[in-house]
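Residue numbers (the UniProt record's numbering): 1 to 1197. Each residue gets a CB set at the ideal place from its N, CA and C atoms; glycine is no exception. Just so you know, these numbers come straight off a predicted model, no measurement behind them. Notes follow once the structure below has been shown.
Encoded structure:
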């Protein structure tokens, strides 16, 4: 069938589906309008609420001119394929079946995350481009069409890793909106003489003229972005993204996703942005996504400081430092009086005297001081401690009075004592009423109050800066007004005085977070007690008083109980590639540990540099010329002129361009978060002059464009721009930027790691990577194992690859650079900061060069050691990628012998600790009745028993507490109804699913086996043979020459599973095969790890270094052709293996291979090692996989 006819048929099918979707939408809208009318006819408050709800529903159904449908997914539902359409809103037909599934629905997210390599149940994923109701074109992203009108059109797959972006950070437009476009035409109305070329909707959107609003990107959002949008809430998610990477769009779409999936409500979410203009811009995307009524605040408004002035830089740095919280806490506590000397001075002697009912009561001041000191201690809010102090002091005075009475007390004297004037005066002197403003005013007045509060925390120079009010605001009114930094300190004081803020939220989204100070971060964390946040920013664009070099300080300050993690977006969209090449050295200098984005598009227009003359007038002339040009105002393009922060600059340029409404004039600070089609930057050296944040301001200014950049200058350009591109920072740069918590002693840093139980290490260290390496510190970067998803499969590169040694001198090793891509991959796997990643990656070079395997290819060098890989460029000058199959531990931890916290054994250990503590053995049970009476809550379950139960119950996915609860329930049921056997004096409970082996006294479950396992005396029961599916994935082959390796998800493919299982059953019918397999199993059982077999593989073992999968080849001569076939079978079996991902694949032969070169070829082609019998022992590269070091000798049959 001709392509043109095929295209027309497909478009006709999709147009019918879109028409149906719109009919359903109109019907839904009519129903909402009718119900709104019914509620309006009623009366009362309920009617008002119902009416408001239907108005909200009607507003939600308004698409604002956007297309309803943009994607189709054909999914295998088991009984056959079914087509679903994905769009901006969920729409139902008359039978309440979904005509359109919302983009944010879990199923839609899952389908959109599939690919040609990992299709899951998706048989076709098709992008549909509509102009509102009219289908214009389509692209099959992967899969085939099940329709009967001919073969599928061959189209390119959507590029992996491309990140879409909303149209910029913020669009600033001076001028009016363009006229409405002419009505859309159906495809059949256009010429079909030839099939039109595919136009990527992403690039089409990026080329759109800026219109002053952010639009949703649900049609063009990319997989990496979608994963961040739909990441399960909990903890602090930090999205690090350079200019134009779409981080703001990710944040806004994450808000909508959280609301649509009911993780939070509208009243429970807070969006914080750098300015009101930014929030107005971003709110458009939320409206298009159907999310309204959210709390959106510019950052200063959190402290009612929208118009507050700022302190000068030196003062702001001190007030914004996290140490200021300790100073403020001490300032509050210094208002109390708890020492004997000061109290004696206040009451006029060593005794406090008061009179009640004509009795004079004398109380030693020392007793009062002791009671007050105890009551005022602790971390409770001051007013709580103040009231506690009053209660306990009055109680003490009352007890002294009652002790003076001749008989028992006949009434409650407590209220009378508290109301005595002398007592109330004493209480006020010990713990006076305080207000936040009074405390701060006295502190900033300097003198003794500041000296006492800041002693040992701030240096004398910093105290002087803090007390210096001559900050350029000479008027008395200005001196009295609180600055923004003061307002943040007041917020901290209110917390110290009263506790939690009045208003808190379930989830907080913060954009441009790189400019948040540590004190502001503390304030934000208090407003989100659950710790669920989305933080968006770019460290290279930080212009606040704290230019962070990594996210550790902010992440630690913001985090709650669930920790924090960083995800980096490294692909840019808005800014053209020509501009990113120009600014790359500057971006690298601004934040050495952060990657400068690579743009997906180039406009063909190089950066224009104009030198000479008056730069202000020249900038205006360039802007006017651009606006009047063919790609200017006539195409509704906007132009921004960014000038130094000097009034004369703005006045000169603004006057010159006043007649052109499409041109805006602003400073670099005002441009942050905004975007323009064209940008003219005037005198870059003046933008950076005399300011530590100057280079970052220039970086912001130069990356605001979507089409072209023009630089106008008279002075020499700063050395970062226009020079040699060198995007890779040196190790010395990274080492200089590593940020760690400061030791209170100031001599070294505190360890940044955690112990195995999740406790934060408090040891001091001078190690550059922040790990003390002292006993007890396991070096983990998170308190609990992070959810890391799939493990990388370390396939060996094949084409053009030779295994040869890379020889480098120590000096050459020291000069090797670590790229941001490698650091980013390290942080994704192991967490921590980019600076620490660079240090640890560089430290890996020496052992990898000395002990690892080395592969050379036209793309560079690959260094492989113990399941870790470093990929170097061709010249071995930079580490460009990092890959590992280990789920959590870094190489440094493995080398130090740190055991893993993930996997079945680690989970078993954690879960065993949640059962009853193990006690010493007691009296043995004597009969079945005593066994059935066992209290399961008093039973300890060993680590291995927990691990075995996890296999049998398929419960790896359960939380630890839920797992233990399920284990107890099943044990309780089996104790009540199961069969009880006795092995010597040990009871064995045969249940419906499990066989429980217990200690003679019944207080410990030592082993759990599969029900039906043979019970024989004198031996421990073997664990279950068939490990159940833990919901894990098993990787297949990958290419190590890539920065990230491909992983194939385990599919529920009965065809493949049935074929592999049948092949395995047929092989096991051969006696020679079974003889060799049982010899293998016998030797594996001699080792320390777990051993088993599956329906798909002959054997598996799991030890400290990971999981190994074995396939036996026993019949016939072991030629390479047969070895190759068996290796392919093993790869198929690995994709079906239900246990944890295997680090090693091993082919077992009965004799050495017929072709000696087959050993190396099998390793290189399939990453499969060989082992064979050598007399009574094992030989070959994988012999250690069978012959364990802990064994007494080589394995024997």
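Quick check: the Cα distance between residue 961 and residue 936, rounded to an integer number of angstroms? Indexing the chain shown from 1 puts residue 961 at position 961. Indexing the chain shown from 1 puts residue 936 at position 936. As the crow flies, the alpha-carbon of residue 961 is around 15 Å from that of residue 936.
Would you decide whether residue 571 is buried or exposed? Buried here means 16 or more other CB atoms lie within 10 Å of its CB. Numbered from its first residue, the chain shown carries residue 571 at position 571. Residue 571 should be labelled buried.
For a quick check, are the C-beta atoms of residue 233 and residue 258 less than 8 Å apart? Within the chain shown, the letter at position 233 stands for residue 233. Within the chain shown, the letter at position 258 stands for residue 258. Result yes, Cβ atoms of residue 233 and residue 258 sit closer than 8 Å.
With DSSP run on the structure shown, which of helix, strand or coil describes residue 1203? This structure gives no information on residue 1203, because the portion of the chain shown stretches from 1 to 1197.
Rounded straight-line distance, which links the Cα of residue 235 to that of residue 1005: Position 1005 of the chain shown, counted from the first residue, corresponds to residue 1005. Position 235 of the chain shown, counted from the first residue, corresponds to residue 235. Roughly 36 Å separates the two Cα atoms.
Beta-carbon separation of residue 72 and residue 85 under 8 Å? For the purposes of this step, residue 72 is taken as residue 72 along the chain shown, with counting starting at 1. For the purposes of this step, residue 85 is taken as residue 85 along the chain shown, with counting starting at 1. Yes, these two residues count as a Cβ contact at 8 Å.
Less than 8 Å between the beta carbons of residue 569 and residue 535, yes or no? Taking the first residue of the chain shown as 1, we reach residue 569 at position 569. Taking the first residue of the chain shown as 1, we reach residue 535 at position 535. One thing to note: residue 569 has its Cβ no nearer than 8 Å to the Cβ of residue 535.
On a CA-only basis, which of 321, 218, 505 is nearest residue 294? Give me that one, please. Residue 294 sits at position 294 when you count from the first residue of the chain shown. Closest option to residue 294, Cα to Cα, is 505.
Would residue 498 pass as a contact of residue 330 if the rule is Cβ separation under 8 Å? Counted from its first residue, the chain shown places residue 498 at position 498. Counted from its first residue, the chain shown places residue 330 at position 330. No, Cβ-Cβ distance for residue 498 and residue 330 is not below 8 Å.
I'd like the list of long-range same chain contacts for residue 851, defined as Cβ closer than 8 Å, with 5 residues on each side in sequence excluded. What you label residue 851 is simply residue 851 of the chain shown in a count that begins at 1. Correct list, in chain order: 865.
Would you mind stating whether residue 1122 and residue 1098 have Cβ atoms separated by less than 8 Å? Mapped onto the chain shown, residue 1122 falls at position 1122. Mapped onto the chain shown, residue 1098 falls at position 1098. No. Outside cutoff.
Within 10 angstroms of its Cβ, does residue 736 collect 16 or more other Cβ (buried), or is it exposed? Here residue 736 refers to the residue found at position 736 when the chain shown is read from its first residue. For residue 736, the predicted structure reports a pLDDT of 46, less than 50, and the residue's modelled location is therefore unreliable. A value from the coordinates is still provided. Taking all protein chains shown into account, residue 736 has fewer than 16 neighbouring C-beta atoms within 10 Å of its C-beta and is therefore exposed.
Thinking C-beta only, is residue 1185 closer than 8 Å to residue 1146? Within the chain shown, residue 1146 is the residue found at index 1146, counting from 1. Within the chain shown, residue 1185 is the residue found at index 1185, counting from 1. In this structure, residue 1146 lies near residue 1185, with their beta-carbon atoms less than 8 Å apart.
Could you check how far apart the C-beta atoms of residue 627 and residue 663 are, in whole angstroms? I think they sit under 8 Å. On the chain shown, position 627 is the one that residue 627 refers to. On the chain shown, position 663 is the one that residue 663 refers to. Yes, they are in contact, since the Cβ atoms of residue 627 and residue 663 sit about 6 Å apart, within 8 Å.
Spell out the partners DSSP gives residue 85 in its beta bridges. Here residue 85 refers to the residue found at position 85 when the chain shown is read from its first residue. Residue 85 is bridged to 72.
If you count every other CB in all the chains shown that lies within 10 Å of the CB of residue 1102, and 16 or more means buried, which is it? On the chain shown, residue 1102 is found 1102 positions in, with the first residue counted as 1. Label assigned to residue 1102: buried.
Starting from residue 546, trace the beta strand (DSSP E) in both directions and tell me its first and last residue. As a position in the chain shown, residue 546 is number 546, starting the count at 1. Here residue 546 belongs to no beta strand (DSSP E), and DSSP marks it neither H nor E.
Rounded straight-line distance, which links the Cα of residue 589 to that of residue 1183: Working through the chain shown from its first residue, we reach residue 1183 at position 1183. Working through the chain shown from its first residue, we reach residue 589 at position 589. Cα atoms of residue 1183 and residue 589: separation of roughly 50 Å, rounded to the nearest angstrom.
What is the C-beta distance between residue 641 and residue 619, in whole angstroms, given that I count them as a contact (C-beta under 8 Å)? Working through the chain shown from its first residue, we reach residue 641 at position 641. Working through the chain shown from its first residue, we reach residue 619 at position 619. Going by Cβ atoms, the distance from residue 641 to residue 619 rounds to 5 Å, so yes, they are a contact pair.
What does DSSP give as the partner residues of residue 998 in its beta bridges? For the purposes of this step, residue 998 is taken as residue 998 along the chain shown, with counting starting at 1. Answer by DSSP bridge pairing, in chain order: 1005.
Our contact map puts residue 481 next to residue 309 with C-beta atoms below 8 Å; I'd like the distance itself, whole angstroms only. Here the question's residue 481 lines up with position 481 in the chain shown. Here the question's residue 309 lines up with position 309 in the chain shown. Their Cβ separation, rounded to whole angstroms, is 7 Å, which keeps residue 481 and residue 309 in contact under 8 Å.
Evaluate residue 543 with the Cβ neighbour count: other Cβ atoms within 10 Å of its Cβ, from every protein chain shown; 16 or more gives buried, anything less gives exposed. Start at 1 with the first residue of the chain shown, and residue 543 comes out as number 543. Label assigned to residue 543: buried.
Taking all protein chains shown into account, do 16 or more other C-beta atoms lie within 10 angstroms of the C-beta of residue 360, making it buried, or fewer, making it exposed? On the chain shown, position 360 is the one that residue 360 refers to. Looking at its Cβ environment, which holds fewer than 16 other Cβ atoms inside 10 Å, residue 360 is exposed.
Where does residue 853 fall in DSSP's three states? Against the chain shown, residue 853 aligns to sequence position 853. Here residue 853 carries a strand assignment [DSSP, helix/strand/coil].
Just the Cα atoms here: how many angstroms apart are residue 10 and residue 630? Here residue 10 refers to the residue found at position 10 when the chain shown is read from its first residue. Here residue 630 refers to the residue found at position 630 when the chain shown is read from its first residue. Between the alpha carbons of residue 10 and residue 630 lies a distance of about 37 Å.
Which two residues bound the contiguous beta strand (DSSP E) that contains residue 533? To locate residue 533, count along the chain shown from 1; it is residue 533. Taken as a continuous stretch (DSSP letters only), the beta strand (DSSP E) holding residue 533 covers 533-537.
Quick check on DSSP: helix, strand or coil for residue 816? On the chain shown, residue 816 is found 816 positions in, with the first residue counted as 1. Here residue 816 sits in coil by DSSP.
Write down the C-beta distance between residue 69 and residue 18 rounded to the nearest angstrom, noting that I regard them as a contact closer than 8 Å. Sequence index remark: in the chain shown, residue 69 carries index 69 (1-based). Sequence index remark: in the chain shown, residue 18 carries index 18 (1-based). Confirmed, about 5 Å.
With 16 as the cutoff for other CB atoms within 10 Å, does residue 353 come out buried or exposed? Numbered from its first residue, the chain shown carries residue 353 at position 353. Exposed, because fewer than 16 other Cβ atoms sit within 10 Å of the Cβ of residue 353.
Residues bridged to residue 142 [DSSP beta-bridge criterion]: In the chain shown, residue 142 corresponds to position 142, counting from 1. Paired residue(s): 125.
Range of the contiguous alpha helix (DSSP H) that encloses residue 1123: Along the chain shown, one-based indexing puts residue 1123 at 1123. In the DSSP assignment, residue 1123 falls within the unbroken alpha helix (DSSP H) covering 1120-1136.
With a threshold of 16 other CB atoms inside 10 Å of the CB of residue 507, please say whether the residue is buried or exposed. In the chain shown, counting from the first residue as 1, residue 507 sits at position 507. The residue is buried, with at least 16 neighbouring Cβ atoms inside 10 Å.
Residue 1067 and residue 1095: beta carbons closer than 8 Å? Position 1067 of the chain shown, counting from 1, holds the residue named residue 1067. Position 1095 of the chain shown, counting from 1, holds the residue named residue 1095. Not in contact: residue 1067 and residue 1095 (Cβ atoms no closer than 8 Å).
What does DSSP give as the partner residues of residue 303 in its beta bridges? Within the chain shown, residue 303 is the residue found at index 303, counting from 1. Residue pairing by DSSP places residue 303 in no beta bridge whatsoever.
Which partner residues of residue 15 appear in the DSSP bridge assignment? Here residue 15 is taken as the residue at index 15 of the chain shown, counted from 1. Assignment of beta-bridge partners to residue 15 by DSSP yields no partner.
Whole-Å CB distance - residue 253 paired with residue 221, under 8 Å assumed: Counting from 1 along the chain shown, the entry for residue 253 is found at position 253. Counting from 1 along the chain shown, the entry for residue 221 is found at position 221. Sure, about 7 Å apart at Cβ, within 8 Å.
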